[in-house]
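Numbering (my numbering), first residue to last: 3 to 139. For every residue, glycine included, the Cβ atom is placed at its ideal position computed from N, Cα and C. Right, one structure below, let's go through it.
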Amino acid sequence: MYTPAPDRPGGLQVRNARSCARLLYRSAMSTVNLHELAEERSIAMHAAVADRLRADPSLLDAVRGRIEGWLRDGSVHAEYARAWAEIVARPLPEILRMLTDRGERARALRQVTPFTGILDQRERLRIRAEIRERLGA
């Protein structure tokens with residue numbers, strides 16, 4: 003990818019466009035707190051999920067089924083699975099509030115989300131780009 007080039011500033015020579023893009027991306031990312039970027043992205047994704055659930059609460063059926071599977075097969079730590087099971091048993095407005103809550107508990111739970119599959123790839127990519135632009139990443 004990179005080879006020493008003592009005659010160039012910084013001692014690096016970029017071999018191809020992909021390498022150049024990676025170098026530029028890393029440089030841009032170094033100015034942004036990566037934890038902040040990840041958290042803002044997670045909140046934005048879950049806000050989009052909340053919009054979908056508001057429009058179609060029946061989507062919660064698949065979410066509840068996923069959580070039941072976690073509890074059955076142990077693929078997710080029981081503490082997280084039980085917490086999500088308790089949350090999705092609440093009335094919809096409470097579930098929606100929890101999805102974008104900025105508290106420590108909500109932040110930890112969003113790391114193991116049962117809401118995968120509600121947003122399609124295009125929507126996820128749009129949100130990622132939007133957050134990156136907003137944070138100057």
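Closest in C-alpha terms to I97, from the list T115, L36 and A80, comes T115. Put simply, the backbone Cα of A85 is about 21 Å away from that of R56. Within the same chain, R112 come within 7 Å of S44 by CB-CB distance, once the 5 residues on both sides are set aside. Nearest to A108 by C-alpha distance, out of A131, R92, D58 and Y82, is Y82. Excluding sequence positions up to five before and after E41, its CB lies within less than 7 Å of the CB of R109, all in the same chain and listed in chain order. Contact annotation, A87 with L73: C-beta distance approximately 7 Å; criterion of less than 8 Å satisfied.
Listed in chain order, the non-local C-beta contacts of S77 below 7 Å within the same chain number zero, local neighbours out to five positions each way being set aside. The beta-carbon distance between L39 and I133, rounded to whole angstroms, is 7 Å. This is short enough to meet the 8 Å contact definition.
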